[in-house]
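Line by line, the protein sequences give chains A and B. Counted from 1, the first sequence has number 8 at position 8 by my numbering; the numbering is strictly sequential. Counted from 1, the second sequence has number 264 at position 264 by my numbering; the numbering is strictly sequential. Beta carbons are placed, not taken as given, at the ideal position from N, Cα and C, and that holds for glycine. Only one structure is covered here, and it is reproduced in the block below.
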Amino acid sequence: MSQIVNPSNQTQPATAAQAQPFAPTIAIRKSCNPDGIGLSHYVLMDRKAAK
Amino acid sequence: MSAVFTERAASGTLFRPVDIGHPVYAAVTDPQTAFWALVDKTRVHEANRDPALLAAYGAKAGQFEQELHALRFGLKPSGVYLNPTERCNLNCTYCYLPDTQRSGGSHMPVETLLASLGKLRDYFRSVMPADRKPRAIFHGAEPLMNAPAVFEAIDAFADDFVFGLQTNGTLLDDAALDFLTSRNVSIGLSLDGPVAGITDATRRTWGGKSVHDKVLRSMEKLRGYGSWSVITTCTTENLPYLTRMVELFHAHEVPTCMLNTVRCTLSGARGIKPADGDMATALFAALDRTHELYLETGRKLMVANFANILIGILAPTARRLMCDISPCGGGRAFFALAADGSLYPCSEFIGLPRFNGGSLLAGGVEAALDSAAFREVTTRDVDRFSPCSDCAIRHFCGSPCPAEAFEMNGGMDKIGAFCDFYKEQVNYALRLIADGKADDYLWDGWDEGTDTVFAMS
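Printed below as a string of structure tokens:
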């Protein structure tokens with residue numbers, strides 16, 4: 001599993017931090033075929049079980 | 001980059017700012033595609049002029065729009081709720097099924113259940129890939145009131161469906177547990193309090209007896225089983241105890257729970273509806289506690305209704321539950337079979353005759369999907385009514401639930417019962433992402449089978 005970006009782990013060197021005082025933009029999107037969609041109310045963690 | 005995109009960017013209306021309550025970050029969204037970015041909050045109003053963000057998003061916006069459209073309008077059903085009886089041995093305050101049905105209703109005859117599953121199997125084969133099985137969830141009322149029919153159906157169609165059972169847990173004797181677990185049936189229980197006095201406020205027998213200890217015994221028997229969960233319905237009666245609930249669940253090694261807002265479809269539930277802000281405060285405290293327990297023990301307790309919100313933000317197409325999207329999953333990703341053989345968009349509608357889509361055996365699934373009753377639900381679109389149509393997070397929320405909107409707020413073009421709570425929930429999720437903690441609130445491997453299609457950091 002890929003780790004979601006943790007801005008606190010992205011420590012910049014002091015000089016870079018001074019040159020870039022703004023927090024870095026974070027944006028992520030993952031995509032898949034929506035074949036595992038299940039019912040409301042019910043938890044469908046086991047995507048493989050539906051295969 | 002399309003001309004429309006360029007025009008929206010040039011006019012400064014592409015991104016909508018959202019104050020997520022984070023010390024460093026604010027969010028911007030493009031509601032039309034469910035795109036989001038977290039930006040330095042001191043520069044949030046400059047996002048519409050950020051060349052790097054515009055270029056990166058502009059390259060993907062069309063793809064994201066198509067993806068969201070397919071998710072919202074292009075799905076075929078892949079699951080069914082099965083209500084094998086109208087009866088229940090409990091009289092919960094907030095049930096969405098009429099009490100006359102639950103106290104004196106009928107069982108579905110086993111022959112009808114078997115014939116129905118045969119017809120459903122044939123339908124799902126016609127719309128699903130051959131390598132996938134549909135989901136069939138026995139639901140209630142209390143399905144184990146008609147256990148012989150349920151068990152015969154599970155064995156008869158073991159090769160055709162992946163079965164689950166949502167039960168109040170009071171009828172799960174050793175024989176029932178052995179039957180269900182030996183067939184790998186997913187089991188969902190319900191418990192509303194950490195102690196009997198709290199559970200008893202909303203969940204009791206018709207005679208007023210407590211069922212708390214019976215559910216705890218069922219939970220203990222299920223410890224170690226791979227596929228089970230517990231639902232807590234959040235009301236004014238138990239809201240102060242949600243943190244204790246998750247401590248109880250974690251101690252019992254419950255793999256997954258749901259801390260659901262009470263559905264206000266029928267009037268009995270509305271008297272115990274929590275205020276949105278109170279609901280948010282209590283849920284976030286409980287979620288914070290699950291995180292502490294995870295850090296202390298290394299074992300996660302998944303709060304699945306929140307996890308689904310988080311996944312809906314990170315990977316819209318990977319979401320599992322279909323309440324938090326518009327149109328909701330009722331009548332398009334799944335539907336419900338009532339004990340009298342009628343089809344409804346979702347079990348939530350079974351007490352509302354207006355939404356009866358016709359008989360499964362006499363009319364069939366396709367006729368129900370195309371019925372006016374179903375279309376009233378499946379055409380409820382947050383892009384088309386106010387205030388949702390102007391909301392920055394409308395496709396992270398979906399304004400659930402249409403049954404509530406219709407019955408409680410007066411129409412399908414009205415908001416659901418917990419609008420402000422959903423906004424706060426999305427803000428909380430975005431704060432977790434900003435702090436790099438989102439994975440801690442999701443099950444390991446949640447993104448298996450997904451591709452990262454956008455990443456900026």
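Span of the beta strand (DSSP E) holding residue i?
i, result
"Leu259/B", "256-261"
"Arg135/B", "135-138"
"Thr232/B", "228-234"
"Pro327/B", "It is not in any beta strand (DSSP E) - Pro327/B carries neither H nor E in the DSSP assignment."
"Arg384/B", "Note, Arg384/B: premise wrong, no beta strand (DSSP E); not H, not E."
"Phe15/B", "Taken as a continuous stretch (DSSP letters only), Phe15/B belongs to no beta strand (DSSP E), as it is neither H nor E."
Output the boundary residues of the alpha helix (DSSP H) element that contains residue i.
i, result
"Thr378/B", "372-378"
"Asp278/B", "276-297"
"Ala176/B", "174-182"
"Arg87/B", "Segment: none, Arg87/B is in no alpha helix (DSSP H) and carries neither H nor E."
"Gln101/B", "99-104"
"Leu389/B", "Going by the sequence as given, residue 389/B is Ser instead of Leu. It is not in any alpha helix (DSSP H) - Ser389/B carries neither H nor E in the DSSP assignment."
"Asp122/B", "110-127"
"Thr6/B", "3-10"
"Asp420/B", "419-434"
"Met456/B", "Counting along the chain, Met456/B falls outside any alpha helix (DSSP H), though it belongs to the beta strand (DSSP E) covering 451-456."
For chain A, is any of its Cβ atoms less than 7 angstroms away from the one on residue i?
i, result
"Thr317/B", "yes"
"Leu71/B", "yes"
"Phe163/B", "no"
"Thr450/B", "yes"
"Met456/B", "yes"
"Asp447/B", "yes"
"Arg43/B", "yes"
"Leu314/B", "yes"
"Val24/B", "yes"
"Ala37/B", "yes"
"Asp288/B", "no"
"Asp420/B", "no"
"Asp381/B", "no"
"Val453/B", "yes"
"Asp159/B", "no"
"Asp192/B", "no"
"Asp40/B", "yes"
Which residues in the same chain as residue i place their Cβ atom closer than 6 angstroms to its Cβ, once the five residues preceding and following it in sequence are excluded?
i, result
"Ala34/B", "Leu68, Pro316, His395"
"Thr181/B", "Tyr225"
"Phe163/B", "Ala136, Ile154, Val185"
"Phe73/B", "none"
"Gln425/B", "Ile309"
"Arg329/B", "In the sequence as presented, Arg is not what sits at residue 329/B; that position holds Gly. Correct list, in chain order: Met322."
"Ser227/B", "Ser186"
"Asp173/B", "none"
Got a sec? Which residues, its chain only, sit under 8 angstroms from residue i by beta carbon, not counting five neighbours each side?
i, result
"Gly411/B", "Ala405"
"Trp206/B", "Asn89, Leu90, Asn91, Ser103"
"Ser210/B", "Ala196, Thr199, Asp200, Arg204"
Find out if the Cβ-Cβ distance for the pair residue i, residue j is shorter than 7 angstroms.
i, j, result
"Ala307/B", "Leu191/B", "no"
"Ser31/A", "Val246/B", "no"
"Ser359/B", "Ser342/B", "yes"
"Leu259/B", "Thr232/B", "yes"
"His107/B", "Ala434/B", "no"
"Leu310/B", "Ala438/B", "yes"
"Val110/B", "Glu65/B", "no"
"Val382/B", "Ser399/B", "yes"
"Thr112/B", "Leu144/B", "no"
"Val195/B", "Thr235/B", "no"
"Arg431/B", "Pro402/B", "no"
"Val303/B", "Leu293/B", "no"
"Arg125/B", "Gly105/B", "no"
"Ala61/B", "Phe5/B", "yes"
"Thr93/B", "Ala392/B", "no"
"Asp478/B", "Phe385/B", "What is shown of chain B runs 1 to 457, which leaves residue 478/B out entirely."
"Ala10/B", "Asp19/B", "no"
"Cys459/B", "Met408/B", "Because chain B in this structure spans residues 1 to 457, residue 459/B falls outside the shown range and cannot be described."
"Asn48/B", "Thr85/B", "no"
"Val272/B", "Glu237/B", "Looking at the sequence itself, residue 272/B is Ile, so the reference to Val does not match. Yes."
Under 7 angstroms Cβ to Cβ from residue i, same chain only, skipping five residues before and after it: list those, please.
i, result
"Asn83/B", "His139, Gly140, Ala141, Ala336, Leu337, Ala338, Ala339, Ser347, Ile350"
"Leu97/B", "Ala141, Ile350, Gly351"
"Phe249/B", "Val230, Cys257, Leu301"
Nearest chain B C-beta to residue i closer than 7 angstroms, yes or no?
i, result
"Ser8/A", "Summary for Ser8/A: the model assigns pLDDT 43, below 50, so the residue's position carries little reliability; its value from the coordinates is reported in the next sentence. So yes, Ser8/A belongs to the interface."
Three or more C-beta pairs under 8 angstroms: does that hold for the segment 117-135 of chain B against the segment 153-160 of chain B?
yes
Are there three or more Cβ pairs, one per stretch, closer than 8 angstroms when the segment 25-44 of chain B is compared with the segment 77-93 of chain B?
no
Could you say if the segment 418-427 of chain B and the segment 267-285 of chain B meet the contact criterion of at least three C-beta pairs nearer than 8 angstroms?
Yes: the two stretches touch, three or more of their Cβ pairs being nearer than 8 angstroms.
At a cut of 8 angstroms, does the segment 358-373 of chain B reach the segment 113-124 of chain B through at least three beta carbon pairs?
Enough Cβ pairs lie closer than 8 angstroms, so yes.
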